[in-house]
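Undergrad:
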């Protein structure tokens, strides 16, 4: 039986290993940068908040005209549909094109009742803000305790 004793400086070896791994990823990312395919769907990012009075959706729609967006309430679902159009007026040759365009659709299940007649929406600086008021009976209320 042969026993080989190897002495190493663990911190130095780990630093070298980390450096090699970093270079490996850096090199592969440069060679294989992701380009969107022409058929790739564009999906706007959405944040949803809630307080005791309402649910609010914040939808990122940069470059989308508010005329190109529909908000549809159907039962307990809210659907956003629209299209981010390609700028046809730009006659330049693209060297790189990463920004996605095209139609989009997102549907959200509303797990709480909302006042559908009172829903409002505003579009500012590329962000669509949709306010879904809660009905009075679903709002939290404090119940007083009677003493006997």
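Numbering (UniProt numbering), first residue to last: 1 to 148.
We put the CB at the ideal spot given by N, CA and C, even for glycine.
Values in this document were obtained by computation on a predicted structure and should not be read as measured data.
Helix, strand or coil for residue 21? Go by DSSP, reduced to three states.
TA: Three-state DSSP puts residue 21 in a helix.
Undergrad: Looking at C-beta atoms only, is the number of pairs between the stretch 134–143 and the stretch 102–114 that lie closer than 8 Å three or more?
TA: Counting Cβ pairs under 8 Å, three or more are found: they touch.
Undergrad: According to DSSP, is residue 67 part of a helix, a strand, or is it coil?
TA: Residue state, collapsed to three classes: helix.
Undergrad: With burial defined as no fewer than 16 other Cβ atoms inside 10 Å of the residue's Cβ, what is the status of residue 104: buried or exposed?
TA: Classification of residue 104: buried, given that the 10 Å Cβ count is 16 or more.
Undergrad: Classify residue 97 as helix, strand or coil using the three-state DSSP reduction.
TA: Of the three classes helix, strand and coil, the one that applies to residue 97 here is coil, per DSSP.
Undergrad: Have a look at residue 70 and residue 97 and give me their C-alpha separation to the nearest angstrom.
TA: Roughly 27 Å between the two C-alpha positions.
Undergrad: Might you give, ordered along the chain, the residues of its own chain that have their beta carbon closer than 7 Å to the beta carbon of residue 42, omitting 5 neighbours on each side?
TA: Once the five neighbours on either side are set aside, the close Cβ partners of residue 42 are 84, 100, 101, 102, 104.
Undergrad: Any idea if residue 54 is buried or exposed, counting beta-carbon neighbours within 10 angstroms, 16 or more meaning buried?
TA: Label assigned to residue 54: buried.
Undergrad: Note down the Cα distance separating residue 68 from residue 123, rounded to an integer number of angstroms.
TA: Distance between the alpha carbons of residue 68 and residue 123: 12 Å.
Undergrad: Would you identify the three-state DSSP class for residue 141, choosing helix, strand or coil?
TA: Three-state DSSP puts residue 141 in coil, outside helix and strand.
Undergrad: Please report how far the alpha carbon of residue 148 lies from the alpha carbon of residue 51, in whole angstroms.
TA: Approximately 35 Å, taken between the alpha carbons.
Undergrad: Is residue 19 close to chain B, meaning its C-beta is less than 8 Å from at least one C-beta of that chain?
TA: Here chain B cannot be found, since the structure has a single protein chain.
Undergrad: Give the DSSP-derived three-state secondary structure of residue 51 in the structure shown.
TA: Residue 51 falls in the coil class under three-state DSSP.
Undergrad: Measure from the alpha carbon of residue 46 to the alpha carbon of each residue in 17, 107, 12, then state which is nearest.
TA: Here the closest residue by C-alpha is 107.
Undergrad: On the criterion of 16 or more Cβ atoms from any shown chain inside 10 Å, does residue 82 qualify as buried, or is it exposed?
TA: Buried.
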